[in-house]
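In terms of our numbering, the sequence shown has 87 at position 61, counting the first letter as 1, and numbering is strictly consecutive. Cβ coordinates follow ideal geometry from the N, Cα and C atoms, glycine included. Bear in mind the structure is a predicted one, so any value in this text is a computation, not a measurement.
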Amino acid sequence: MAHPSIVILTGAGISAESGLGTFRDEGGLWAQHRIEDVATPEGFARDPELVVSFYNTRRAQAHEAVHNAGHDALARLQHEHKGEVLLVTQNVDGLHEKAGSVDVVHMHGALDSALCGACDHRWPAPLKMHVGETCPKCNQPSARPDIVWFGEIPYHMDRIEQALAQADIFVAIGTSGNVYPAAGFVQMARHVGAKTVEMNLDPSETVALFEDTRPGKASLTVPQWVDGILTS
Ligand code: NAD
Ligand code: ZN
27 MAHPSIVILT GAGISAESGL GTFRDEGGLW AQHRIEDVAT PEGFARDPEL VVSFYNTRRA
87 QAHEAVHNAG HDALARLQHE HKGEVLLVTQ NVDGLHEKAG SVDVVHMHGA LDSALCGACD
147 HRWPAPLKMH VGETCPKCNQ PSARPDIVWF GEIPYHMDRI EQALAQADIF VAIGTSGNVY
207 PAAGFVQMAR HVGAKTVEMN LDPSETVALF EDTRPGKASL TVPQWVDGIL TS
């Protein structure tokens with residue numbers, strides 16, 4: 027096929043070599059907190075100070091972090107591939123943009139964005155958010171990190187499903203396959219006959235659903251795969 031349509035899904039693993047801990051990293055930020063406390067609407071209602079400070083720390087880390095060869099290769103693919111490329115990420119760190127990617131679909135939100143819990147208005151988040159900050163649109167003290175928490179509906183699902191329905195190739199990079207709906211994308215892609223590729227350090231929960239699996243570090247596997255696509 028001359029110019030295949032490609033849908034890419036990235037997860038925390040692509041940012042691991044940039045020093046940002048994955049979910050299951052021992053000793054990392056996530057290991058010190060329970061998901062129910064820092065990544066659910068109920069946790070935020072119970073202890074907004076804890077949640078805002080958790081994301082302030084993550085935002086500061088992401089701000090300092092530098093993109094790696096995995097992010098760079100995907101940006102190159104977006105710019106040089108002649109067919110469609112949709113880059114969907116579960117990451118909130120902004121490293122794809124730092125690498126030069128454009129139109130990144132942030133299905134789980136972004137650390138550099140603030141959201142009004144009252145009217146859904148969005149604006150650029152300050153490096154340090156405070157509990158009770160007011161929304162510039164409706165003036166309610168309802169600012170929160172623009173992060174999709176467990177129990178909330180991911181963003182841009184229509185656009186993602188439309189792209190998957192037309193995909194020739196679906197690639198999952200650095201994602202453990204535990205969090206739905208993202209973990210179900212491989213099945214949607216298979217349903218329309220797309221070729222499926224997994225690049226992960228350890229086999230994911232859904233590894234059996236991929237035809238082509240390339241174990242290893244994203245900084246090595248992703249540039250290699252991108253070279254293959256751009257020269258085929
Ligand atoms: P995850 O932590 O569940 O899985 C990460 C996967 O990456 C693991 O399977 C691991 O084997 C693999 N991995 C680790 N280092 C790698 C490397 N160098 N190269 C390739 N693969 C590597 O993360 P997930 O699947 O993205 O999903 C969990 C949720 O955690 C998501 O909702 C995501 O938003 C959130 N999260 C995001 C960040 C971030 O923005 N950087 C960090 C942690 C968690
Ligand atoms: Zn508002």
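Residue i Cβ short of 6 angstroms to ligand 1 heavy atom set
i: Glu90; result: no
i: Asn117; result: yes
i: Ser41; result: yes
i: Lys124; result: no
i: His134; result: yes
i: Thr160; result: no
i: Val131; result: no
i: Arg216; result: no
i: Val205; result: yes
i: Gly37; result: yes
i: Lys243; result: yes
i: Thr83; result: no
i: Leu227; result: yes
i: Phe70; result: no
i: Gly200; result: yes
i: Leu46; result: yes
i: Glu49; result: Going by the sequence as given, residue 49 is Phe instead of Glu. At least one heavy atom of ligand 1 is nearer than 6 angstroms to the Cβ of Phe49, so yes.
Pairwise C-alpha distance: residue j and residue i
i: His105; j: Ala125; result: 12 angstroms
i: His122; j: Val130; result: 7 angstroms
i: Ile199; j: Ser139; result: 24 angstroms
i: Val78; j: Arg216; result: 39 angstroms
i: Gly69; j: Val174; result: 13 angstroms
i: Gln87; j: Gln58; result: 16 angstroms
i: Leu256; j: Asp73; result: 49 angstroms
i: Met214; j: Ala151; result: 34 angstroms
i: Ala189; j: Ala220; result: 11 angstroms
i: Glu231; j: Gly39; result: 14 angstroms
i: Gly53; j: Gly45; result: 13 angstroms
i: Leu103; j: Ala136; result: 22 angstroms
i: Asp119; j: Val218; result: 31 angstroms
i: Ile32; j: Pro241; result: 20 angstroms
i: His89; j: Phe236; result: 33 angstroms
i: Glu43; j: Gln192; result: 32 angstroms
Near ligand 2: residue i beta-carbon under 6 angstroms from a heavy atom
i: His156; result: no
i: Ala144; result: yes
i: Gln58; result: no
i: Gln250; result: no
i: His182; result: no
i: Lys163; result: yes
i: Gln87; result: no
i: Gln192; result: no
i: His29; result: no
Own chain, CB closer than 8 angstroms to residue i, minus 5 neighbours either side, in chain order
i: Leu35; result: Val114, Thr115, Gln116, Phe196, Val197, Ala198, Ile199, Thr201, Ala208 and Phe211
i: Lys108; result: Ala28 and His29
i: His147; result: Leu141, Cys161, Pro162, Lys163 and Cys164
i: Pro180; result: Met133, His134, Val174, Pro207 and Ala208
Other residues of its chain near residue i: CB distance less than 6 angstroms, five sequence neighbours each side excluded
i: Asn142; result: The sequence given here has Cys at residue 142, not Asn. Cβ neighbours of Cys142 beyond the five flanking positions: Cys161 and Ser168.
i: Gly37; result: Gln116, Gly200 and Thr201
i: Ser258; result: none
i: Lys154; result: Asn82
i: Pro171; result: Tyr81
i: Gln166; result: Ala144
i: Asp63; result: Gly69
i: Ile186; result: Val114
Cβ-based neighbour list, residue i, same chain, cut-off 7 angstroms, excluding 5 preceding and 5 following
i: His182; result: Val131 and Met133
i: Pro249; result: Ala95 and Ala99
i: Glu75; result: Val157
i: Asp51; result: Ala57
Taking contact to mean 3 or more Cβ pairs, one atom from each stretch, closer than 8 angstroms, check whether the stretch 238 to 254 and the stretch 220 to 230 are in contact. yes
Extract the residue ranges of the beta strand (DSSP E) inside the stretch 197 to 250, only unbroken runs of 3 or more that lie entirely within it. 221 to 225
In chain order, what are the residue ranges of uninterrupted beta strand (DSSP E) at least 3 long that sit wholly in the stretch 117 to 175? 135 to 142, 148 to 150 and 169 to 173
Enumerated in chain order, which unbroken segments of the alpha helix (DSSP H) with a length of 4 residues or greater are wholly contained in the stretch 58 to 97? 61 to 64, 67 to 72 and 74 to 90
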